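Comments concern the structure below.
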Amino acid sequence: MPAVRADLIVEAGSYEPQYWVITDPDSGQPLDLTAPGYLVHAVVSSREDGTGDVLLDLPDTSVWRRTADGRIYFEPPSALSAGWGAVRGFYQAELSHPAGETVRFSQGRFIVDPELVKD
892 MPAVRADLIV EAGSYEPQYW VITDPDSGQP LDLTAPGYLV HAVVSSREDG TGDVLLDLPD
952 TSVWRRTADG RIYFEPPSAL SAGWGAVRGF YQAELSHPAG ETVRFSQGRF IVDPELVKD
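Per this note's numbering, the sequence shown starts with residue 892, numbered consecutively.
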């Protein structure tokens, strides 16, 4: 399964979940991603190739939610994204499988539009 190329644009201080559906490549059925051994992790870096400065580290359960019907939700809490400030970078998101394999399921630009400071 090639990684989906999709930009993630976050309006800091808001809550706007997005999701991907992961299926078994043989059967086409959604995987139970709540089973032990599945983990999601992403890194936002300053360079598209994943090198450069790490701008954000997004480990499993920090901004991700995995479901029994194959969905991986990116849903940063509004309080968390409000603290990110302005971010312009590139992310790579990976899913670790219980068998020890890791697959990149999405990548692209990662943009955080900062929340306006209110007096």
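The C-beta atom is built at its ideal place from N, Cα and C for all residues, glycine as well.
As the structure is a prediction and not an experimental result, all values here were calculated from the model.
Short Cβ contact (7 angstroms threshold) for residue i with residue j
i, j, result
"residue 1005", "residue 926", "no"
"residue 935", "residue 906", "no"
"residue 996", "residue 911", "yes"
"residue 900", "residue 961", "no"
Candidates the options, of which the one nearest residue i by Cα
i, options, result
"residue 878", "1003, 988 and 1000", "With the chain represented from 892 up to 1010, any question about residue 878 goes unanswered, as that position is not in the structure."
"residue 956", "919, 894, 898 and 929", "929"
"residue 1011", "984, 991 and 921", "Residue 1011 lies beyond the residue range present for the chain, which begins at 892 and ends at 1010; the question has no answer from this structure."
Euclidean distance between Cα positions of residue i and residue j
i, j, result
"residue 896", "residue 998", "5 angstroms"
"residue 924", "residue 959", "5 angstroms"
"residue 965", "residue 945", "19 angstroms"
"residue 915", "residue 973", "36 angstroms"
"residue 898", "residue 909", "11 angstroms"
"residue 940", "residue 980", "11 angstroms"
"residue 969", "residue 938", "26 angstroms"
"residue 992", "residue 1003", "30 angstroms"
"residue 986", "residue 971", "22 angstroms"
Beta-carbon proximity list for residue i, same chain, < 6 angstroms, skipping 5 on both sides
i, result
"residue 976", "1005"
Residue i CB to nearest heavy atom of the ligand FMN below 6 angstroms
i, result
"residue 896", "Here there are no bound small molecules, and the ligand FMN is not part of this structure."
Cβ separation of residue i and residue j, assumed to be a contact under 8 angstroms, to the nearest whole Å
i, j, result
"residue 947", "residue 978", "7 angstroms"
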